[in-house]
Each structure stands twice: as C-alpha cells, then as structure tokens.
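Visitor: Below is a structure I'd like to ask you about.
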Amino acid sequence: MKLKISQDLQRLLLFVIALVIYLVFALLKIGDFRLTGDEPHYLLVTHSLLFDGDIELTNNYANEDYKLFGRELPMEPHGIDNKAGKTYTYHMIGLSVLILPAYALGNRLLVVLFMGFLTALFSIESYSLCHDITKNKWASTVAWLSTSFTSPILFYSLQIYPEIPGGLLIVHSLRKILNLKNLETGSQNSLALGLYLSFLPWLHLRFIVSVGVLLALFLIKTRRILRRTFLVLIPLLMSGLAMAAYNYHIRGNPLPMGSGRLFQNLSYQGFSGLFLDQEAGLLVFSPIYILIFLGFVVLFFNWRKIFYPLFAVFVTYFAISASNFGYGAWWGGYSPAPRFLVSMVPLLAVAIAASYYVARGNRLRYPFYVLSLLSLSLAYFLSARPEEYLYVSDDGVNNFLRDHSSLIDLTKLFPAYFNPAQPNTFLTLAWIFALLVLTLLLLYLLRGNIYTRLRGAESSSPQNN
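For the sequence shown, position 358 (counting from the first letter as 1) is numbered 425 according to our numbering, and the numbering increases by one without interruption.
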C-alpha cells in the first residue's frame, strides 16, 4: 500500500527539512565563514540604519563599526563620496533593509539564520517550479535535493548576499506568471506581483533585466486584463521614481550607478567561466548541473511553451551576469563560486528534473544518481575548508583539485581564466565539445522516453490549465 502525500504536505515537509539543514549548517559552520567580500558592507549599511537612522557611512567607516558584527580586518569603503563629502554605499540598499529586523534582534548570527530561512523558501519555490512543470514528485524531489544541498545553494544559505532573496522573488514571480489562474481571480495577486518586481532592483541592479523580462511575459499574457496590468505597473512606477530620487540624493544623478554599461565587457570568459572555470565554474563544484543541457533540450521539445519564458529569464540574466553589469568581474569577486548563478538555480533545477523524468525506468538513471551523490559529497568535502576551497581568489588554481591530485594533475583538466599560461581556449572548446557529445548521446539513448513519457505532459503544464 502506497502512502499518498498531498502536494501541500510534501512542500511543507521539504521546507522543514531544508530549514533544519540550513540552520544547523549555519550554527556549525558560521565560524569557518569569516565576513569577506561585500557581506560586511551590506551589514554596515544595516548598522547605520539601526543606530544612526541614515545610510551615510563616513562615521561608520571612521569608527570601525564593522568590528561590532565580527569583521576584524580594516575595510576599504565600498562607497561614493558625493559633492558634500559624505560617503554612501554603492551597493543597493534593499538587502540591508531586509535584514534590519534580524540584525536588531541578534547581530550577524540572527541575520545568517534569517538567510537560512529565506534559502529554505527559495528551495521550496524551486521544487514547486519543477513540479508545476513536470507534474512528477520524484523527479522534482531529486532535483530539489540535488540543488538545495550542494554548491552553490548550501553555502549561500549562510552568506549575506542579495542572490537568494532576489532569486526567491524571481522564481515566485515566474510561477505566478506561468499559472495565471490566481492573477485572473484576485487583484491582490497582481498587486503582490508588482511589489515583488518593484523590490528586485533594490536588491541588485542586475535584477533590472529580470524585471523587464518578467514584466514583458506578464503583459503578453494579460494584455486583455487592463486592471491587472495597472496593479502591476503602479508599484513599479513608484519604485522607479523612488530609486531616481535616491540616486539623485546620494550622487546627483537620477540614473543608477553603472546603468550605462549594462552588457559591456562581455567576453567568452564570462559566458564559459561561470560554468567551466576551475575557480568559479558551476560544473566544477557541482557536476549534477551537467544534466541541464539535456534538460533544456527536453523542455524545448516537450514543454515548448514553458521553455521559452524559462529560457528568456535565464539567458538575459546570464548575459548581464557574464559582464557583472558592465564591470567585467563575472566571477562575483571574493565570494563562494559561482555567485552570479545562484538566483537562477531554480530554473536549472527544472532542467535537471526534466532529465530525471525522462530517465525513469531506464538504466541511465543510475549514472544520474551518481552525479547527484557526487555533488552532495563534494559539498561535504568543500565545507571542510570553505574559504580555501570555495572562494574565488583570482590566482587561477582550484585548491580543492590541487589538493586531491594524485596520479594526474586535475587542475590541468579545466580552464583557468585567471591564469594566462593555461591553454584555456583549447580546454574550453574541448569541454564544450564533450558536453555537446554527451548531450546528443543521452538524447539518442533516451529518445523513446522523451517522446512517449512526455507527450501528454505538455497538456498538463501550467500554461494549458
């Protein structure tokens, strides 16, 4: 007798599991993750808001207030000095405002636990998106497990960066847009969507592109429902005016800092590096993502109406991330790799779920399970020395691969775009060719499943309900 669990109960159970794992992981490992990169600068804005009632940071840097939340080393200001000689952060302040209650109640520790809570919500939205599309609990659960407790999501569950809350808003908004039942029956749902989209640029300007794509998808699908469109646009308009006033106040220009660059500094290193670079590439730290290439092809052939919006959101975000909003630092600075793909993990999880679904009943599912187990195991070993193994240090060497090379030098097998001496062009082309051949081989071996298992699935997808 099979135990049947409702979808809502399964979501709740998975959320509780994720929350417990993230909170325990944070409590055990917070001492191994010292405040580095942009994290202390986000916290310093929060500190200034709480104790000074402003976002002007001249006195906070001078007084070394960052030592109050555990940053011991001196910090160079991440700020803009305006004409009045006042220092304001050049980071967007949305994350600093979001974590303010947690910081007020428990300093950095409670902020980290709050980020774990947001990551648990993020992981459940990822599972829900997978299930919305595949309608299969097993494939969705395996994709959830393979992406929620591996790199990068596990490690960003205790990092203070905008990628997790930004990704949470993106995937939740996308789910609302793909399934318009709620939008068509309640004004509050349309207003909520507008609020989600309007807050995204306050987390990071990179999300402006995602807002544009999501808004376009919404307008295409609700072009005959003017009231719903109005309720989404009003918060966006108000947020845009507030941002213009904010930018004018701190730097004398209503346009966001860096808005003129957008897609400048694009290079093949940014596009391939986010996946293949040995220090910053997703596939190096979590091999399960090799399945996304098969998964996107499966989505294209069997869930095409779903594939297009997913691909539009991913590609535009990926393109702007490959140039870091025009600054060129596609690797995300000194942070766990790969920072700029964190927000897109739910979309990649859908591709993984599609791959698992077509492999059901086929022996190929066992190598897929091996990839999941390998990624989970890697996360465990990487967590032993996180700053040495996870953080991008720009020296062109993956320390984990170096330390675990025995018969062969594993660092010679992957591109190292920070090391000009590495044959990066050859290695990049070799990996692209290998991934292409592997994907074509899997498509051939699974061709029967792809066209028999999924032919009826598209009719049950959110857009066709």
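Where a beta carbon is used, it is the ideal one built from N, C-alpha and C, also for glycine.
1. Kindly indicate which residue of 228, 236 and 298 has the alpha-carbon position closest to the one of residue 254.
2. Residue range of the beta strand (DSSP E) that residue 154 falls in?
3. Tell me whether residue 499 is buried or exposed, calling it buried when 16 or more other Cβ atoms sit within 10 Å of its Cβ.
4. Could you have a look at residue 458 and say whether DSSP puts it in helix, strand or coil?
5. Report all residues from its chain with a CB closer than 6 Å to the CB of residue 239; omit the five preceding and five following residues, and keep chain order.
6. Leaving aside the five residues before and after residue 280 along the sequence, list all residues of the same chain whose C-beta is less than 7 Å from its C-beta, in chain order.
7. Going by DSSP in three states, residue 161 sits in which element: helix, strand or coil?
8. Thinking just about the alpha-carbon of each residue, which of 235, 81, 350 and 102 is nearest to the one in residue 401?
9. Is the beta carbon of residue 122 less than 7 Å from the beta carbon of residue 412?
10. On the DSSP bridge assignment, give the partners of residue 146 in chain order.
11. Which residues in the same chain have their Cβ closer than 8 Å to the Cβ of residue 234, if we skip the five residues on either side of it in sequence?
12. DSSP state of residue 302, grouped into three classes?
13. Mapping DSSP to helix, strand and coil, what is residue 123?
14. So the alpha helix (DSSP H) residue 108 belongs to, where does it begin and stop?
15. Is residue 405 helix, strand or coil when you go by DSSP?
16. Using the rule of at least 16 other Cβ atoms within 10 Å of the residue's Cβ for burial, across every protein chain shown, is residue 308 buried or exposed?
17. Could you say if the stretch 157-170 and the stretch 205-217 meet the contact criterion of at least three C-beta pairs nearer than 8 Å?
18. Residue 108: which of 92, 421, 140 and 407 sits nearest, CA to CA?
19. So, residue 257 versus residue 302, is the Cβ gap smaller than 7 Å?
20. Ordered along the chain, which non-local residues of its own chain (more than five positions away) have a Cβ less than 6 Å from that of residue 315?
21. Classify residue 393 as helix, strand or coil using the three-state DSSP reduction.
22. Nearest to residue 97 by CA position, among 115, 77, 163 and 223, is which residue?
23. Nearest-angstrom Cα distance between residue 64 and residue 337?
24. How about the stretch 371-378 and the stretch 426-439: do they share at least three Cβ pairs that are nearer than 8 Å?
25. Less than 7 Å between the C-beta atoms of residue 195 and residue 420, yes or no?
26. Taking 6 Å as the limit between beta carbons, can you name the residues of its chain near residue 203, skipping five residues before and five after?
27. Looking at residue 99: is its Cβ nearer than 7 Å to the Cβ of residue 453?
28. Can you tell me whether DSSP reads residue 489 as helix, strand or coil?
29. Tell me which residues share the same chain as residue 104 and place their Cβ nearer than 6 Å to its Cβ, disregarding the 5 neighbours each side in the sequence.
30. One question on the structure: do residue 200 and residue 417 come within less than 7 Å of each other, judged by their Cβ atoms?
31. Between which two residues does the alpha helix (DSSP H) carrying residue 536 extend?
32. Does the beta-carbon distance from residue 231 to residue 185 come in below 7 Å?
33. Relative to the alpha-carbon of residue 415, which residue among 385, 434, 444 and 389 has its alpha-carbon at the smallest distance?
34. Quick check: the Cα distance between residue 398 and residue 313, rounded to an integer number of angstroms?
Guide: Checking against the coordinates, here is how it stands:
1. Out of 228, 236 and 298, 298 has the C-alpha closest to the C-alpha of residue 254.
2. DSSP places residue 154 in the uninterrupted beta strand (DSSP E) bounded by 154-156.
3. Exposed, since its Cβ has fewer than 16 Cβ neighbours within 10 Å.
4. Strand.
5. Excluding sequence neighbours, residue 239 sits near 192.
6. So the qualifying residues of the chain are 379, 380 and 383.
7. Helix, per DSSP.
8. Ranked by Cα distance from residue 401, the options 235, 81, 350 and 102 are led by 102.
9. No, the pair does not count as a contact, with Cβ atoms beyond the cut-off.
10. Bridge partners of residue 146: 156.
11. Within the same chain, and ignoring the five residues on either side of residue 234 in sequence, the residues whose Cβ sits closer than 8 Å to its Cβ are 189, 409, 410, 411, 412 and 413.
12. Residue 302: helix per DSSP, three-state reduction.
13. DSSP, reduced to helix, strand and coil, places residue 123 within a strand of the structure shown.
14. Boundaries of the alpha helix (DSSP H) harbouring residue 108: 106-118, taken from the DSSP string.
15. Of the three classes helix, strand and coil, the one that applies to residue 405 here is coil, per DSSP.
16. Classification of residue 308: exposed, given that the 10 Å Cβ count is below 16.
17. Touching, no, given that fewer than three Cβ pairs across the two stretches are closer than 8 Å.
18. Of the candidates 92, 421, 140 and 407, the one whose C-alpha sits nearest the C-alpha of residue 108 is 140.
19. At least 7 Å separates the beta-carbon of residue 257 from that of residue 302.
20. Result list for residue 315: 321, in chain order.
21. At residue 393, the pLDDT of 49 sits below 50, so the modelled position is not reliable and the matter cannot be decided from this model.
22. Looking at the Cα atoms, 223 is the closest of the given residues.
23. Here the chain comprises residues numbered 68 to 532, so residue 64 is not present and cannot be evaluated.
24. No contact exists between the stretch 371-378 and the stretch 426-439.
25. Contact: no.
26. Closer than 6 Å at Cβ, skipping near neighbours: 424.
27. Cβ distance < 7 Å, so residue 99 and residue 453 count as in contact.
28. In the displayed model, residue 489 falls within coil according to three-state DSSP, outside both helix and strand.
29. Only residues of its own chain outside the window of five on either side were considered, and among them 400, 401 and 402 have a CB closer than 6 Å to the CB of residue 104, listed in chain order.
30. If you check the CB distance, residue 200 and residue 417 come in under 7 Å.
31. In the structure displayed, the chain extends from 68 to 532; residue 536 sits before or after that span and is not available.
32. Taking 7 Å as the Cβ cut-off, residue 231 and residue 185 qualify as a contacting pair.
33. When only C-alpha atoms are compared, the closest one is 385.
34. Residue 398 and residue 313 have their C-alpha atoms roughly 28 Å apart.
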